[in-house]
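Below you'll find the structure, written out as structure tokens, and then a few comments.
Protein chains: 2
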Amino acid sequence: MSTQMQQDGAQPAAMAAGHGLDWPALFATRAERMKASEIRELLKLLDQPDVISFAGGIPDPALFPAEEFGAALTAALSGDTKGAALQYSVSEGYRPLREWLVTRMASLGVTCTADNIVITSGSQQALDYLGKLFLSKGDTALVGWPTYLGALQAFNAYEPNYDRLTPLANRPAADYRETAAAKGGAVKFAYASADFANPTGETLSESARSSILDLATELDIAVIEDAAYQSLRYDGDEIPPLLALDIARTGSIEASRTIYCGSFSKTLAPGLRVGWVCAAKPVISKLVLIKQAADLHSATLNQMAIHTVASRGFEAQLAKIRDSYRARRDAILAALDRHMPDGVTWTRPNGGMYVWVTLPEGFDGAALLAESLKTERVAFVPGRAFFADGSGANTIRLSFSCASEAMIDEGIKRLGRVIGRG
Amino acid sequence: MSTQMQQDGAQPAAMAAGHGLDWPALFATRAERMKASEIRELLKLLDQPDVISFAGGIPDPALFPAEEFGAALTAALSGDTKGAALQYSVSEGYRPLREWLVTRMASLGVTCTADNIVITSGSQQALDYLGKLFLSKGDTALVGWPTYLGALQAFNAYEPNYDRLTPLANRPAADYRETAAAKGGAVKFAYASADFANPTGETLSESARSSILDLATELDIAVIEDAAYQSLRYDGDEIPPLLALDIARTGSIEASRTIYCGSFSKTLAPGLRVGWVCAAKPVISKLVLIKQAADLHSATLNQMAIHTVASRGFEAQLAKIRDSYRARRDAILAALDRHMPDGVTWTRPNGGMYVWVTLPEGFDGAALLAESLKTERVAFVPGRAFFADGSGANTIRLSFSCASEAMIDEGIKRLGRVIGRG
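The listed protein sequences correspond, in order, to chains A and B. Mapping of the first sequence onto numbering that gives the first Met the number 0: position 249 corresponds to residue 248, and the numbering continues sequentially without gaps. Mapping of the second sequence onto numbering that gives the first Met the number 0: position 233 corresponds to residue 232, and the numbering continues sequentially without gaps.
Below you can see the structure in the form of structure tokens.
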């Protein structure tokens, strides 16, 4: 017990003085799967001024529309709306924002109504609520190897098993079913990020998207589409979201199996915590009940401010951030070409915030990070945490969203040196 | 399936056209316990101008410090803090707010540090996260008969059983343990609101608080103290929170078993969704991990604004709202004395927002509400939803926080008429 509690932050001195409870014995079994993430510990490194960081996957605060938010908040807190802006509100979210999102979703090929949308506190909350809605203990979620670490953390609270999302052509549906049943549950959903995924930066082709829908149809499961980065395309043509392709097959959102999770965190600002889910009404109405029971509603004022800023200039904001991030993406790819030793490979993303680097077999990302911080003062995220099966030790994730172009070249040069010595 | 899906909001027409999925078959078993609440449906009635409503338990928006929030938000979005105000932030919450709360908790008799505090999106979210932390399927939570409906809804997601929280003197600890074990789990915590509880408005005496701590100590379980209304005392002396009494017994917060859930919703404004949990570090550090996985953090800007407004004038705001609500409490008690028929009894709260009315046996609060809306245009909340065992049909909850004194007398007169006819 003492080891567990020390990991959890209790001080040995306080323990000795206080005769604390045996908390782990009281906790639910799921608490065993709640562990501090490497990314979170690494975020602390961003405060050290001499470290060049490719670690945190966060947007550049210089690109936030701060003035626009200031004006929107001031307006919301004056006149007729001021009481409502600070009052309790409905769990499904602020109706004008949901109606704006109907138009936004239509521009992506998704025909829906405001009743197909619930507002969440970022898309991270959507993942938590979807885990809560679908996963009984022992059920199986299909995820990529690697996948978004935050999705694994959100789902872990519901004690699922994970299986690898691969095309039907490579593995029959019966095999997924039997594997899940052997572990005491059923396959409930496939989770995927189709555009500029965290951590790889990769985009699924239209045929890869179709293949996921084929598998989901064959297994009769849901598809959770994490679209957090979808608006951050820097070149190439847009590919319809999984939800749009699903609707094109089935005829309507009510007949579709795809649950789209969107976010304003990467486009407007993450600190307001506003995202949304768009899906068939039976899913949305359950999510509304989950939200009501879990936090009543997302902050009213924040939803109003997001609505004002989005409806006044979402496309202009997208154009601004795409230009900035495109230049940084170009800079990091050029620097990698210039400085990486032979045997190192990496992705070439058309958008998003990440480049995924594969090191020669035998490298360990975590050990490399320790060495890199000590000798070269450069930070990144070791890749293993993104693999549900604990593989991927020889991978690392680089984020280019917060580094200046000059820093990018210097940082990648340093990284090349530490890998070259490894 | 069709009945279930229609309840969930899917239109029969869409079903017929769309061949929707059998969603309930995919949902986790816990989804069966997610039902729309009577309170939520009733909130829709507040929009009808001729209804006098004692239904929603919401603060009066005229009392919100809207100007102070406007100034705080404008300041946060100017100068040095503007990037941070809109950026991702740490899961445990904004440090200056946590430090202000250390001082606030000290004024309540709770000595702690900022590491004993995590910021949540209202105290509702704290209840969800504590359910997640403690309750495996089949475990038992001890709650009052009646208790806060939102606590039952939050805990229900984790599929617990409920047992009635009664003093040790009336029921031996072994009986609680055996009852829980027979249902396939263990007793994990006692949940209680010590001051001006929702729905009864009642306050636990210091000896009743001690008795809860005695029971929890005997059972070696946690105590969840829901302090959402604690600051709303209109007369009488303050009684130390359960957490303060626990610390007085055990010597330190690290040795205590009480988990205090606070909220700014009833004092400053609910729409910003800011609350907190104060407890021993092993609990807080797990809640931080839960929050990280569930929604990353509460909105940064909102925490900054709450900190500014609270640190500039929390006591003055409390004085203002106490004066207003005290007058309404006096008005509703006087009106009940004046207009209630014989055989009806009610609580006489020293604070909070609620009076709890017990009607003669044979009355049904839900039927009375239907009749009352039809004939007298007065709304309230039927009491049965607050009972984990489904009893309490002859009780109703009246909220006086949002009604003017003149409306209160007229509304209670109408209510007296409809009960008198019943």
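Glycine included, C-beta positions come from ideal geometry on N, C-alpha and C.
Just to confirm before moving on: does the CB-CB distance between Glu91/A and Ile258/A stay below 9 Å? Position 92 of the first sequence, counting from 1, holds the residue named residue 91/A. Position 259 of the first sequence, counting from 1, holds the residue named residue 258/A. In this structure, Ile258/A does not lie closer than 9 Å to Glu91/A by Cβ.
Taking any Cβ of chain B, which residues in the segment 104-134 of chain A have a Cβ under 9 Å from it, in chain order? Asp114, Thr119, Ser120, Gly121, Gln123, Gln124, Leu126, Asp127, Tyr128, Gly130, Lys131, Leu132, Phe133, Leu134
Expressed to the nearest angstrom, what Euclidean distance is found between the alpha-carbon atoms of Tyr322/B and Phe386/A? Stepping through the second sequence from its first residue, residue 322/B is reached at position 323. Stepping through the first sequence from its first residue, residue 386/A is reached at position 387. In the sequence under discussion, the amino acid at residue 322/B is Asp, which differs from the Tyr named in the question. Going from the Cα of Asp322/B to the Cα of Phe386/A covers about 57 Å.
Using a C-beta cutoff of 9 Å, does Met406/B count as contacting chain A? Your numbering for residue 406/B matches position 407 in the second sequence. Cβ-Cβ to chain A under 9 Å: no for Met406/B.
What is the rounded straight-line gap between the Cα of Thr178/B and the Cα of Arg208/A? Translated into positions along the second sequence, residue 178/B becomes position 179. Translated into positions along the first sequence, residue 208/A becomes position 209. Using only the alpha carbons, I get a separation of about 51 Å.
So, with DSSP's three-state summary, where would you put Ile57/A? Residue mapping note: residue 57/A aligns to position 58 of the first sequence, counting from 1. Ile57/A: coil per DSSP, three-state reduction.
Interfacial residues, the segment 278-304 of chain B to chain A, with Cβ spacing under 8 Å: Ala279, Lys280, Pro281, Val282, Ile283, Ser284, Lys285, Leu288, Ile289, Gln291, Ala292, Ala293, Asp294, Leu295, His296, Ser297, Ala298, Thr299, Leu300, Asn301
Can you look up Gly419/A in the DSSP assignment and give me helix, strand or coil? One-based indexing of the first sequence puts residue 419/A at position 420. Correct three-state label for Gly419/A: helix.
Based on DSSP bridge pairs, tell me the residues matched to Glu224/B. Locating residue 224/B in the second sequence gives position 225, where the first residue counts as 1. Answer by DSSP bridge pairing, in chain order: Ala191/B, Tyr259/B.
Per DSSP, what are the beta-bridge partners of Asn160/B in this structure? Here residue 160/B refers to the residue found at position 161 when the second sequence is read from its first residue. For Asn160/B, which the question treats as bridged, DSSP gives the partners Thr139/B.
Can you look up Leu397/A in the DSSP assignment and give me helix, strand or coil? Counting from 1 along the first sequence, the entry for residue 397/A is found at position 398. Residue state, collapsed to three classes: strand.
Rounded separation between Ile320/B and Ser398/B - CA only: Here residue 320/B is taken as the residue at index 321 of the second sequence, counted from 1. Here residue 398/B is taken as the residue at index 399 of the second sequence, counted from 1. About 15 Å.
Proximity test, Cβ basis, 9 Å: Arg256/B and chain A: Indexing the second sequence from 1 puts residue 256/B at position 257. Yes, contact with chain A.
Does the segment 175-190 of chain A come into contact with the segment 341-360 of chain A, if we say contact requires no fewer than three beta-carbon pairs (one atom in each stretch) closer than 8 Å? no
Figure out for me which residue from Arg416/B, Lys412/B, Asp408/B, Ala402/B has the closest Cα to the Cα of Pro48/B. Taking the first residue of the second sequence as position 1, residue 48/B is located at position 49. Comparing Cα-Cα distances from Pro48/B to each of Arg416/B, Lys412/B, Asp408/B, Ala402/B, the minimum goes to Ala402/B.
Name the two residues that bound the continuous beta strand (DSSP E) containing Tyr324/A. The residue you call residue 324/A lines up with position 325 of the first sequence. Not the beta strand (DSSP E): Tyr324/A falls in the alpha helix (DSSP H), residues 299-338.
Please name the residue, chosen from Tyr161/B, Leu167/B, Trp99/B, that lies closest to Gly183/B on a Cα-to-Cα basis. The sequence position of residue 183/B within the second sequence is 184, counting from 1. Closest by alpha carbon: Tyr161/B.
Cα separation between Ser77/B and Thr299/B? Working through the second sequence from its first residue, we reach residue 77/B at position 78. Working through the second sequence from its first residue, we reach residue 299/B at position 300. About 14 Å.
If Asp245/A and Leu212/A are in contact, beta carbons under 8 Å, what's the gap, nearest whole angstrom? Position 246 of the first sequence, counting from 1, holds the residue named residue 245/A. Position 213 of the first sequence, counting from 1, holds the residue named residue 212/A. That pair is a contact at about 6 Å.
Would Ala387/B count as contacting chain A if we go by Cβ distances under 9 Å? Within the second sequence, numbered from 1, the residue matching residue 387/B stands at position 388. Closer than 9 Å: no.
Does Asp138/A have its Cβ less than 9 Å from a Cβ in chain B? Taking the first sequence and counting its residues from 1, one reaches residue 138/A at position 139. Judged by the 9 Å Cβ criterion, Asp138/A is in contact with chain B.
Can you tell me whether Ala221/B is buried or exposed, with buried defined as 16 or more other CB within 10 angstroms of its CB? Residue mapping note: residue 221/B aligns to position 222 of the second sequence, counting from 1. Counting Cβ neighbours within 10 Å, Ala221/B comes out buried, since at least 16 surround it.
State the Cα-Cα distance for the pair Asp79/B and Met406/A, rounded to the nearest angstrom. The residue given as residue 79/B occupies position 80 in the second sequence. The residue given as residue 406/A occupies position 407 in the first sequence. Their backbone Cα atoms lie some 22 Å apart in a straight line.
Excluding the 5 residues flanking Pro95/A on each side, which residues of the same chain have their C-beta closer than 7 Å to its C-beta? Position 96 of the first sequence, counted from the first residue, corresponds to residue 95/A. Contacts found: His306.
Taking 9 Å as the threshold (beta carbon to beta carbon), is Glu253/B in contact with chain A? Counted from its first residue, the second sequence places residue 253/B at position 254. Yes - at least one Cβ of chain A is within 9 Å of the one on Glu253/B.
For Tyr233/A, go through chain B and note every residue whose CB falls closer than 7 Å to its CB, in chain order. Against the first sequence, residue 233/A aligns to sequence position 234. Chain B residues near Tyr233/A: none, gap ~22 Å exceeds 7 Å.
When Cβ atoms are compared, which residues of the segment 150-184 of chain A fall closer than 8 Å to chain B? Gln152, Ala153, Asn155, Ala156, Tyr157
Would Ser390/B be called buried (16 or more neighbouring beta carbons within 10 Å of its own) or exposed? Your numbering for residue 390/B matches position 391 in the second sequence. Its Cβ having fewer than 16 others within 10 Å, Ser390/B is exposed.
For Gln229/A, tell me which candidate among Ala196/A, Ser206/A, Glu253/A, Ala254/A has the shortest Cα-Cα distance. As a first step, residue 229/A must be located in the first sequence, where it is residue number 230. Comparing Cα positions, the closest option is Ala196/A.
One question on the structure: do Gly350/B and Gly200/B come within less than 9 Å of each other, judged by their Cβ atoms? By 1-based counting over the second sequence, the position of residue 350/B is 351. By 1-based counting over the second sequence, the position of residue 200/B is 201. Closer than 9 Å, so yes.
From the DSSP output, which residues share a beta bridge with Cys277/B? For this step, residue 277/B is matched to residue 278 along the second sequence. Answer is Ile116/B, Tyr259/B.
So what does DSSP say about Gly19/A, is it helix, strand or coil? Sequence index remark: in the first sequence, residue 19/A carries index 20 (1-based). Coil, per DSSP.
Taking Cβ positions only, does Asp21/B come closer than 9 Å to chain A? In the second sequence, residue 21/B corresponds to position 22, counting from 1. Chain A, which has a Cβ nearer than 9 Å to the Cβ of Asp21/B, makes this yes.
Cβ distance (whole Å) where Gly274/B is taken to contact Gly261/B below 8 Å: Here residue 274/B refers to the residue found at position 275 of the second sequence. Here residue 261/B refers to the residue found at position 262 of the second sequence. Gly274/B to Gly261/B, Cβ: 6 Å. Contact.
Tell me whether the beta-carbon of Val186/B lies closer than 9 Å to the beta-carbon of Ala247/B. Start at 1 with the first residue of the second sequence, and residue 186/B comes out as number 187. Start at 1 with the first residue of the second sequence, and residue 247/B comes out as number 248. Cβ atoms of Val186/B and Ala247/B: not closer than 9 Å.
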